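K.L.:
Attaching a single structure in C-alpha cells format; questions to follow.
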Amino acid sequence: MFKVSLKSGAAALLATAAIGLASQSLTASANAAEISCDTAKLIVPWKAGGGTDVVFRKFAEAANKSGAKPQLQVINIPGQGGNKGTKEAHRAKADGCTLIAIHQSAITSYFTGRIDFTWDAFEPVSLLTRTASFVGAASDTSYNNLEELIADAKKRPEEITAGGTFGSVSQFLFLLIEDAAGVKFRHVSYDGTKERITALLAKNIEIGEINLTAATKYLEAGDMKALAVMGDKEMTETPGVKTAKDQGINVVFGVERGVMLPKGTSPDIIAHYQAIFEKAAQDPSLNESLNKTGTDIVYKNAAAYTDHMQTTYDKWLDIAKKIGAYKR
C-alpha cells in the first residue's frame, strides 16, 4: 500500500507542508513540460491478459480518471520475451508521447545476452508495484508444496519441466531455486505469463512461475496448484501456501513493475509523468483492486527508482554470475 506514517501532529503538519511544496514543484515542472500528443502510448511489451498487462491497465485507468494529460493508452507489443516492445520504446522519440512498462526482465535479458541494453538505456519515472511470485504446478502433479517438488527433482534431475521465458524473471526464479536447493529442472520457454498458464492448464509443463493477478481463478477452481509464495510472508489470498523460506529454500522473489521514458527525455516531462503516477498510486480503489491480486503499490519517484534499479542490477549481477546466467 502507498502509505505515509507519522508519529505526531507536528510531524504531520511538517510533512503536509513538505508534500505541498513538492506538489507545487511538480506542478510547475508539469506546466513547463511541452508534450504535443493528446494521447501517450504506454507500451506493455507482453500480451494482453498477463499479470503485467493487468497491472498497467489498472494504473492507466486510474491515471486517466484523475485527469492525466496526455491521456494514457496501453499498447501491447509482445514478442521475444518482452524485448520486442522494449526495443520499440528504445527507438521512440524522447517527446513524452511514448512510455514503457518495465520490470526486472530488462536486467535479466541483458545478463543472458537476449538484448544489448538494460534499464539505464531509459529514463526512470516511477516504480509502481511489487507482485510476489508463486511456484505454480499442474493440477495432476504428485507434489503439493515446494519441499515435495524439491524431493522429486532430486530423484529426477533435469526431468521436471519448468515453464518460463528464457532470459526473463520467470526463468531467473527457477535458476535461483536450482542454486538454493541443488537441483536441476528442464527449462521450457514461453513468451509470457498467459502462455505459461495455458501450458500449466494443459499439463504441457509441470511447474511455472505464476502470480495471483493472472492465476487466481485457476487456483480457486483447482485447475492448478500453488506450491510456494516467493515473497517474505504468507498471503491471505492463498491460505496454507507457505513461503519458500519456510519450506527451507532461502529465496525471496517478486516482480517489480515501473514506468520509464526514452533516453534523453527532458526533466520537465519526467516530472510531469512522475506527478501523474504518484497521484494514481494514492487512489484507494486502485490499491484495493491490486491488493486482491497479491500486488502491492510500492511507489518510488524518479530519483529513488533510479537508485533502486542500480542496486537491483548490482545485486543480481553477482547472482547471475554465480548461477551461470551471465552471458555478456
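The numbering used here puts the sequence shown at residues 11 to 338. Think of the CB as a built atom: it goes at the ideal place given N, C-alpha and C, for glycine as much as any other residue. Small disclaimer: the values here were computed from a predicted structure and weren't measured.
Helix, strand or coil, according to DSSP, for Lys319 in the structure here?
P.N.:
Note that residue 319 is Met in the sequence shown here, rather than Lys. Met319: helix per DSSP, three-state reduction.
K.L.:
Taking the runs of the alpha helix (DSSP H) that are 4 residues or longer, which of them lie wholly in the stretch 185-224?
P.N.:
If we require 4 residues or more, the alpha helix (DSSP H) runs fully inside the stretch 185-224 come out as 203-211.
K.L.:
Roughly how many angstroms separate the alpha carbons of Pro167 and Gly192, rounded to a whole number?
P.N.:
Rounded to the nearest angstrom, the two C-alpha atoms are 10 Å apart.
K.L.:
Do Val135 and Val269 count as a contact pair if the criterion is CB distance below 7 Å?
P.N.:
Yes.
K.L.:
Could you name the residues that DSSP lists as bridge partners for Met234?
P.N.:
Its beta-bridge partners are Ala148.
K.L.:
Would DSSP call Asp306 helix, strand or coil?
P.N.:
Correct three-state label for Asp306: strand.
K.L.:
Output the distance between the C-alpha atoms of Gly106 and Ala209, rounded to the nearest integer angstrom.
P.N.:
Their Cα atoms are separated by approximately 38 Å.
K.L.:
Contact check, Leu237 vs Leu159 under 8 Å by CB: the rounded distance?
P.N.:
Right, their Cβ atoms sit about 6 Å apart.
K.L.:
If you measure between the beta carbons of Ala116 and Gly264, is that distance less than 7 Å?
P.N.:
No, these two residues do not count as a Cβ contact at 7 Å.
K.L.:
Pairs of beta-carbons, one from the stretch 93-111 and one from the stretch 293-313, closer than 8 Å: are there three or more?
P.N.:
Flag = no, the stretch 93-111 and the stretch 293-313 do not touch.
K.L.:
Give the C-beta separation of Gly340 and Val145 to the nearest angstrom, bearing in mind that I take them to be a contact with Cβ-Cβ under 8 Å.
P.N.:
The first residue shown for the chain is 11 and the last is 338, placing residue 340 beyond what the model contains.
K.L.:
Thinking C-beta only, is Lys273 closer than 7 Å to Phe127?
P.N.:
Cβ atoms of Phe127 and Lys273: not closer than 7 Å.
K.L.:
Would you mind sorting Gly232 into buried or exposed? The rule is 16 or more other CB atoms within 10 Å of its CB.
P.N.:
Under this definition Gly232 is an exposed residue.
K.L.:
Just checking, does the stretch 46-59 make contact with the stretch 87-97 on the three C-beta pairs under 8 Å criterion?
P.N.:
Flag = yes, the stretch 46-59 and the stretch 87-97 touch.
K.L.:
Looking at the secondary structure, which residues open and close the alpha helix (DSSP H) in which Arg267 lies?
P.N.:
Run containing Arg267: none in the alpha helix (DSSP H); it sits in the beta strand (DSSP E), Gly264 to Pro272.
K.L.:
Around the Cβ of Glu400, are there at least 16 other Cβ atoms within 10 angstroms (buried) or fewer (exposed)?
P.N.:
Residue 400 lies beyond the residue range present for the chain, which begins at 11 and ends at 338; the question has no answer from this structure.
K.L.:
Which first and last residues belong to the alpha helix (DSSP H) in which Phe121 is found?
P.N.:
Segment Ser115 to Phe121, the alpha helix (DSSP H) holding Phe121.
K.L.:
Output the boundary residues of the alpha helix (DSSP H) element that contains Lys57.
P.N.:
That residue, Lys57, is in no alpha helix (DSSP H); it is neither H nor E in DSSP.
K.L.:
If Ala70 and Leu82 are in contact, beta carbons under 8 Å, what's the gap, nearest whole angstrom?
P.N.:
Confirmed, Cβ separation roughly 4 Å.
K.L.:
My guess is that Thr322 and Gln114 are in contact by the Cβ rule of under 8 Å, so how many angstroms apart are they, rounded?
P.N.:
6 Å between Cβ atoms; contact.
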